[in-house]
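Encoded as structure tokens, the structure appears first; notes follow it.
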Amino acid sequence: MTVSTRVTTAEPEAVREPGRRMLSLESVKRTATLAAVLLALLVVGAVTRPDIFLDPAKLWSNELTVLSLASAIGVITIGMTFVMIGGGIDLSVGALLALASVWCTTVATQSFGVTGVIFAALAVGTGAGIVNGLLISYGRLVPFIATLAMMVAARGLAQKISGSQTQINRVAFVNDLASGKVLGIPYIVVIFAVVVVLGWILLNRTTFGRRTVAIGGNAEAARLAGINVKRHTLALYALSGLCCGIAALIVVAQTTSGSNTNGDLYELNAIAAAIIGGTALTGGRGTIMGSLFGVLIFSQIANLFTVNNLPTETQRIVNGAIIVCAVLVQQLQMGRLRVPAFAWTRRGRTPT
Amino acid sequence: MSTSRRRLLLGGSALGAGALLAGCTSNETKGNDDNDQTKVSGGNNAAPGKTVTIGFTAPAADHGWIAAITNNAKAQAGKYSDVKLLAVDPGRDAPAQIAAIQSLIQQKPDAIVMLPYDGAQLTAVARQATDAGIPVVNLDREFADPAAAFTLIKGDNYGMGVSAGHYIGRKLKGRSGAVIAEIAGIDTLQLTKDRSKGFADTLATYGLRVTNRVAAQFTVDSGQAVTANLLQAAPKIDAIWNHDDDQGVGVLAAIRQAGRKEFFMVGGAGSLDAMDHIKAGDSPLEATVTYPPTMASSAISLARLTAQGKGMEDLVELQVPKLIVLQSETVTKENVERYRPLGFKS
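So the sequences go chain by chain: V and S. Sequential numbering from 1 applies to the first sequence in my numbering. Sequential numbering from 353 applies to the second sequence in my numbering.
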């Protein structure tokens, strides 16, 4: 009865509403699952190293380390989440981080002081992202190919500029971003938090965000609805590049240096974090909170392995297993897999 | 009108930013760039002999140590008026390097200096060169068959662990409960296993053992990340040995960010940056054990002597030795001035 009145009174609302509500309910459920996983990891820590995880001061210091180490990859993952929701992929993020970190720590750049270093990192990241975007949207290259080419080329350019040597950063302001703290929290963690909040607002509270989801869901329909798909795609890759520039500054601060070896395999780590956070490789689906938890889970696992003095090989196996498990669980929740024991996950779902 | 002006402004500022950025790629420093680790000693061997062509191949540089290897080889060859260096691009992996060496053999150089991607994989092609009458100087990574090379010059990975173990052992002698942390390089490499074994064996002679061990990737960011976690795992540490000064930049950064200074640290390889810290005494880094890329300079000298049919002057034999293993020396504040000229840029 009520349904029929709603349909007649507010047609567009009613068409959109159920789908949207279901989507947000699903994403809340997924985020809760991820939070539970993170909590479980902390419990593992409390059991294996009670001296650290049950002592408030040491726990605080340990978790700040986890957050600091998650900052660079976290910022990149936020950019990657936008690109992936928009139906693309960016394999060049690790190489762009390396390039930006090298470019902003050359002797010439450092001679311009702190503005020079920050400008160079952000401009190089964004510039390379724009090149990616132009190739993909106007050059009609497949994202996988265009960003793969950028990955190889940017890493090469980083090697060329640095002569494959580590460039020590002597601009104190940048180094202090990692060692300095505000209210007991390192600046780089604050930067990470700001990027997460801005990313969340951009995705959930602006037309830019809704257009991103629309394009990722169905690019042709988005185009017919009047969205400038090409320009938007360009903006997405530029955004990812900008995130690489920010992450480069974080890495330069953390390591007090720029190096062409920075950001090795970050593209895979960022994609993995986005995926366990519920971002679909096919586009149109994903959340900032999910990606945030994805990054934190990997960072917490790395921390757990080190505090327990365990070898890193095993950690890779665990990370691989977690990716597979996360995607399988999502498949179950989405109802794409039919396992009788998990029938409850599809309760209330009407066949379409 | 207004949009075209906006575009003009936007385009103009983008161009300007690009131009500004392009000017930012230089790494030229003024004046103090005399950091090549070469040596031409006096005596009869220094006198120019018959002009020889030396082929050279080393893996593509991706970090400071390997970059220093290639730079040193080129600089050393430049010091001899009778040496023509033929450096070939090694490609990205062992098969590519094999192809590069095969084309090098066609050019019939008088000797080849070879730092292989992988000693075992490059043994066959080294054999080809030797069979073609070209003496091969095997640099650092050993071939599977000693007969494939005329002479081998390499660093001492086990010895690095021994030197680091002695330095730490002497300082912590008698404290059986001491917390000793080890920050290794890439764990799957044989050289990492050798270093760790030398370290553990030597510590054992002092009644000490490694209590915390982590492995990084020889890169600064991995060094920073594993160290940040390591410092959380061990709230109080007595000593740290870090295998590699390249990753050491990140290790020291993590230590400073955590504000920890209750321990002392020993590095590995012997970079300029590490030596500067040892000299200044501004970090827990007290010493580093060398694994010097100067071996590339020495390898060029050995190849020159070999190609000219000479031996090493101070030795009785008429030819250069078959095997040279470099000492892993311990650089401390006391002797850092002597070693600093041999430090490489990480």
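For each residue, glycine too, the CB sits at the ideal point set by N, CA and C. Please read all numbers here as calculations on a predicted model, not as lab measurements.
Under the 8 Å Cβ criterion, the stretch 398-411 of chain S counts as touching the stretch 644-662 of chain S, having at least three qualifying pairs.
Residue environment for residue 504 of chain S: buried (at least 16 other C-beta atoms within 10 angstroms of its C-beta).
Between residue 70 of chain V and residue 296 of chain V, the gap from beta carbon to beta carbon is short of 8 Å. Excluding residues up to 5 positions away in sequence, 531, 614 lie with their Cβ nearer than 7 Å to the Cβ of residue 588 of chain S in the same chain.
Looking at the DSSP output, residue 669 of chain S shares a beta bridge with no other residue. Under the criterion of beta carbons closer than 8 Å, residue 80 of chain V and residue 248 of chain V do not qualify as touching, at roughly 15 Å.
Restricting attention to alpha helix (DSSP H) runs no shorter than 4 residues, the stretch 159-186 of chain V encloses them at 172-179, ordered along the chain.
Looking from the CA of residue 534 of chain S, the closest CA among S/556, S/592, S/421 belongs to S/592.
Contact residues of the stretch 623-643 of chain S toward chain V are 625 (C-beta to C-beta distance below 7 Å).
Between residue 464 of chain S and residue 481 of chain S the beta-carbon gap is near 6 Å, inside 8 Å, which marks them as a contact. Apart from sequence neighbours up to five positions away, the residues of its chain that approach residue 694 of chain S with a beta-carbon distance below 8 Å are 389, 622, 642, 644, 646, ordered along the chain. Contact between residue 108 of chain V and residue 528 of chain S does not hold, since the beta-carbon distance rounds to 53 Å and is not under 8 Å. Taking residue 180 of chain V as reference, the option from V/78, V/64, V/225 with the minimal CA-CA separation is V/64.
Taking 8 Å as the cut-off, the Cβ atoms of residue 131 of chain V and residue 373 of chain S do not count as close.
With contact defined as three or more Cβ pairs closer than 8 Å, the stretch 113-129 of chain V and the stretch 362-373 of chain S are in contact.
Taking a contact to require three or more Cβ pairs closer than 8 Å, the stretch 481-499 of chain S and the stretch 452-461 of chain S qualify as touching.
Sequence-distant Cβ neighbours of residue 259 of chain V in its own chain, meaning closer than 6 Å and more than five residues away, are 166. For the stretch 257-325 of chain V, the continuous alpha helix (DSSP H) assignments of 4+ residues that do not extend past its boundaries occur at 266-276, 288-307, in sequence order.
Chain-order list of chain S residues neighbouring residue 103 of chain V: 373, 376, 377, by C-beta distance under 9 Å.
Below the 7 Å Cβ cutoff, chain S contributes 584 as neighbours of residue 61 of chain V, in chain order. In the DSSP assignment, residue 450 of chain S forms no beta bridge with any residue.
Using a Cβ distance threshold of 8 Å, residue 468 of chain S and residue 449 of chain S count as a contacting pair. With a threshold of 8 Å between beta carbons, residue 193 of chain V makes no contact with chain S. Apart from sequence neighbours up to five positions away, the residues of its chain that approach residue 289 of chain V with a beta-carbon distance below 6 Å are 31, ordered along the chain. Taking 8 Å as the Cβ-Cβ cut-off, the stretch 255-267 of chain V approaches chain S at 255, 256, 257, 259, 260, 261, 262, 263, 264, given in chain order.
For residue 610 of chain S, the uninterrupted alpha helix (DSSP H) run begins and ends at 597-610, by DSSP. Annotation: Cβ neighbours of residue 415 of chain S in chain V (cutoff 9 Å, chain order): 164, 165, 166, 259, 260, 261. Assigned with DSSP and collapsed to three states, residue 486 of chain S falls in coil, not helix or strand. Put simply, the CB of residue 239 of chain V is far from chain S, with every gap to its CB atoms at 8 Å or more. At a cut-off of 8 Å, the C-beta of residue 539 of chain S has a neighbouring C-beta in chain V.
Ranked by how close their Cα comes to the Cα of residue 553 of chain S, the residues S/672, S/516, S/473 have S/516 in first place. In the three-state DSSP reduction, residue 534 of chain S falls in the strand class (E or B). Straight through space, the alpha carbons of residue 678 of chain S and residue 145 of chain V are spaced by roughly 46 Å. The Cβ atoms of residue 46 of chain V and residue 244 of chain V lie no closer than 8 Å to each other. Neighbours of residue 68 of chain V in chain S, taken as residues at a C-beta separation under 7 Å, are given in chain order as 580. Among the residues of the stretch 213-228 of chain V, none has a Cβ less than 7 Å away from any Cβ of chain S.
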